[in-house]
Amino acid sequence: MSTHTISLLVENHSGALSRIAGLFSSRGYNISSLTVAETDDATVSRMTIIVSGEEEILEQIVKQLNRLIDVIKVIDFANEEAIEREMLLVIVDTSKSNRHEIIELGTIFGARIAAVAPTSITIEIMGTRRHLDDFVAMIKPYGIKEIVRSGTIALAQSRK
Amino acid sequence: MRKTGAQILIDALIREKVKVLFGYPGGVVIPIFDVLYDTKELTFILTRHEQAAAHAADGYARATGEVGVCLATSGPGATNLVTGIATAFLDSIPMVAITGQVASPLLGTDAFQEADIVGISRPITKHNYLVKTIDELPLLLKQAFHIARTGRPGPVLVDIPIDVSRAVLDDYHYPESASIRSYRPNVVGHTRQIKRAAEAINTAKKPLIFAGGGIILSGAHGKLLELAEKTNIPVTTTLMGLGGFPGTHPLFIGMPGMHGSKTANFALQECDLLISVGARFDDRVTGYVAKFAPNALIIHLDIDPAAISKIIKVDIPVVGDAKNILTSLNPMVKPRAADAWNDQIKEWRGGQLFTFTDSTTEIKPQQVISTLYRITGGEAIIATEVGQHQMWTAQYYVFDKPRRLLTSGGLGTMGFGMPAAMGAAMSHPGIPVIDIAGDGSIQMNIQELATLSLNRIPVKIVILNNSYLGMVRQWQELFYHKRYSSTCLRGGSLCQECVGTGECKKPYIPDFIDLARSYGIAAFRVETPDQVEQTLRDGLAVDGPALMEFIVAREENVFPMVPAGRPIDEILEGS
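Sequence order for the protein chains is A and B.
Position one of the first sequence corresponds to residue 2 (the working numbering), numbered consecutively onward.
Position one of the second sequence corresponds to residue 279 (the working numbering), numbered consecutively onward.
As structure tokens, this is what we get:
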């Protein structure tokens, strides 16, 4: 099993997402992360997909993505260096006694406090998937009320 | 020009040179049928089921190379097209399917006869569109035809809500071109890759050409013949490629795979260079993939980059149109004289590629097909259904020219043949159009006898009646201890009355002769071998459609046979 981060430029209209997702689901592959939003050109969306599977089958899926009429460009970051970022919001249980400790932990990870309430604190944090995983592991023992992750976005590293 | 959506659709079809349209009306396509009522430029054929309309459009496309077009209403009309669209998709057949849709404001409300056909057909179309406004209708129609016929061809579905059909566009003009930024199929092969391929061909000791349906789709048969004759390289073609290389040519060694010739399978396993042209290494061809062509360097010419290394690892891929690539490649290859490799192939081949034991007491299905081949001189368009008769057709009707065999290779759709033959006959090919069918398959679209009869479409139907779903029965005989579960068509469900007796006293239902006559179609039944030829001649001589039923040996098997998942040189042969 290997994990690929695939970036796609696609036509910004209905049906495109479903066609793309269908190529993964027809193989029984689950997309572990998916982000979509318009680019600077309103007719084009950029999609970032993270998926795990057999290396050869993923290569095959990438070729099939290229074949879709709605897909303008496919970049498989298995072959290119990428800058990857993800955002996370988490509401953590707090008490008077441990609030300071949690904030300090957040500071170490470069997080921001988004909101504070009498028995909880909302933290926002951005970084690589790994960074966020590490943070979640540290914060979990305090009690996670709710958590949301944005899914990864990625761009090829510019050398120019 | 001021036109309604329905008028724009019909105008677009005429401008795309569509001559025949197959379909069925319904609530949301009444505006379109209203326009058809006065249209003289194209012929509309009313089928008796939408599935047949899709297969007929497909058959028309296979026989002519033009885009086939079918039309159905929303909901059940659209879902009835699905099998036909999937059949065309798996065999890369250019088709445009037009469906009506409920009015835009009702979309997604479970309106009467609403089905999300764009969603349903997404995995079985090359592309599809839901038309949202009349403004985009002309361009989307242009794009649909462009996508269907270019690159690796395939079906495109256009779903048109009734309010779009009824709306009026003031300044309609049909677009000249359909430039799509994300769709530019690569048709010219990479020069360096073609050179590498030529070098490999020039140094190979045991080369073999393996050609598929891509030869026929790209019109590359002439170039393929040129390559083979220049180099004396033997040629095997897949089921979809039959007719892409002359079946009577001395270099032809038959189709490979599960029911292929021994020669083709041995050659594949023994060759040191496999030149694959427009074939996609289907599992019915490769058998156990890890042991397929184990000694060969593999060149793969294909227009679809996604077909490269999909099933087997390719050494020299060349992406592009087969005809273009062969046009560049042929001058680069050196002439090669027939040598020991050709001798080896000749030795494997012996006399005939396929043989069967004939009988004087019962009709052998292979005999019917051989006789049909002989008396038509190979000059016919042959459609098939799916099953044993399809394989016997591939083995015993020899195809010298492309677009003469219409068969559902990829999806394996029973019920395909008769409507496909109907579509082909509507192109007025000037040669007989014959559907070779089993008694099971023919019943899957039997209602089309009405379409044939009423429009006097001169399709000749040859039914090889063994009263079984023969191919499944063959597998049950060979791999399931003769437990013929639900494959005998004489008994009802799970009938076991004849077990141990070998004799069934039940009459066959339906009586195909009475049935055909009730549709006003000439019909003939043959029960003895000595009448086979005369009946075929009589049936073919009928002016208009005709049905010929041959009561054949019940438990005849298709041989050779490679059991599924086995290497293709592990061949079972019949007695």
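Yeah, the Cβ is synthetic: ideal placement off N, Cα and C, and Gly gets one too.
The structure presented is a predicted model; accordingly, all values stated were derived computationally and were not measured.
Give the secondary structure of residue 845 of chain B by DSSP, where H, G and I count as helix, E and B as strand, and everything else as coil.
strand
Tell me the DSSP secondary structure of residue 354 of chain B in three-state form.
Reduced to three states, the DSSP call for residue 354 of chain B is helix.
Of the residues that make up the stretch 70 to 84 of chain A, which ones have a beta carbon closer than 7 Å to any beta carbon in chain B?
70, 71, 72, 73
Name the chain B residues whose beta carbon is nearer than 7 Å to that of residue 23 of chain A?
400, 401
From the DSSP secondary-structure annotation, give me the bridge partner or partners of residue 52 of chain A.
A:5, A:32
List the DSSP bridge partners of residue 826 of chain B.
B:740, B:802
For the stretch 515 to 568 of chain B, which segments carrying the beta strand (DSSP E) assignment without a break, of at least 3 residues, lie completely within its bounds, in sequence order?
551 to 555
Pair within 8 Å by beta-carbon distance, residue 540 of chain B and residue 849 of chain B
yes
Using DSSP's beta-bridge definition, name the partner residues of residue 437 of chain B.
B:377, B:408
Cα-Cα separation between residue 736 of chain B and residue 320 of chain B, rounded to whole angstroms:
19 Å
Using a Cβ-Cβ cut-off of 8 Å, state whether residue 64 of chain A counts as contacting chain B.
By the rule that beta-carbons nearer than 8 Å mark a contact, residue 64 of chain A touches chain B.
What is the DSSP secondary structure of residue 763 of chain B, reduced to helix, strand or coil?
Coil at residue 763 of chain B, not helix or strand.
On the DSSP bridge list, what partners appear for residue 322 of chain B?
B:299
Segment contact flag, the stretch 295 to 303 of chain B with the stretch 470 to 490 of chain B, C-beta cutoff 8 Å, min 3 pairs:
No, the stretch 295 to 303 of chain B is not in contact with the stretch 470 to 490 of chain B.
Which residues in chain A sit within 9 Å of residue 582 of chain B, going by Cβ to Cβ distance?
64, 68
Cα-Cα separation between residue 409 of chain B and residue 439 of chain B, rounded to whole angstroms
7 Å
Counting only the same chain and skipping the five closest in sequence on each side, list residues whose C-beta sits under 7 Å from that of residue 429 of chain B.
Within its own chain, the residues whose Cβ lies closer than 7 Å to the Cβ of residue 429 of chain B, once the five positions on either side in sequence are excluded, are 463, 581, listed in chain order.
Check whether the stretch 513 to 523 of chain B and the stretch 654 to 663 of chain B touch, using three or more Cβ-Cβ pairs below 8 Å as the test.
no
Along the chain, where does the alpha helix (DSSP H) that runs through residue 462 of chain B open and close?
Unbroken run through residue 462 of chain B: none, as it is neither H nor E.
Just verifying my parser: in three-state terms, what is the DSSP assignment at residue 797 of chain B?
coil
Contact with chain B by residue 16 of chain A, beta-carbon distance below 8 Å
yes
Taking only beta-carbon atoms, is residue 12 of chain A less than 8 Å away from chain B?
Output row for residue 12 of chain A: interface = yes.
Where the alpha helix (DSSP H) through residue 328 of chain B begins and ends:
328 to 342 is the span of the alpha helix (DSSP H), which, as asked, contains residue 328 of chain B.
Measuring only between beta-carbons, confirm whether residue 397 of chain B sits less than 8 Å from chain A.
yes
Any contact between the stretch 546 to 557 of chain B and the stretch 473 to 485 of chain B? By contact I mean 3 or more CB pairs, one from each, below 8 Å.
yes
If residue 532 of chain B and residue 493 of chain B are in contact, beta carbons under 8 Å, what's the gap, nearest whole angstrom?
Actually they are not in contact, since the Cβ atoms of residue 532 of chain B and residue 493 of chain B sit about 16 Å apart, beyond 8 Å.
According to DSSP, is residue 716 of chain B part of a helix, a strand, or is it coil?
strand
Note down, in chain order, every chain B residue with its Cβ under 9 Å from the Cβ of residue 8 of chain A.
In chain order: nothing, as chain B lies at least about 15 Å away.
Straight-line CA distance for residue 85 of chain A to residue 9 of chain A?
14 Å
Which of the residues in the stretch 587 to 598 of chain B, read from start to end, lie with their CB under 7 Å from any CB of chain A?
588
What's the gap between the Cα of residue 376 of chain B and the Cα of residue 435 of chain B?
6 Å
Give the DSSP bridge partners of residue 349 of chain B, in chain order.
B:301, B:376
Could you confirm whether any beta carbon from chain B is found closer than 8 Å to the beta carbon of residue 27 of chain A?
yes
Residue 468 of chain B: first and last residue of the uninterrupted alpha helix (DSSP H) it sits in
Here residue 468 of chain B belongs to no alpha helix (DSSP H), and DSSP marks it neither H nor E.
Shortest alpha-carbon distance to residue 160 of chain A belongs to which of A:2, A:83, A:48, A:54?
A:83
Is there contact here, the stretch 129 to 137 of chain A with the stretch 385 to 400 of chain B, by at least three beta-carbon pairs under 8 Å?
no
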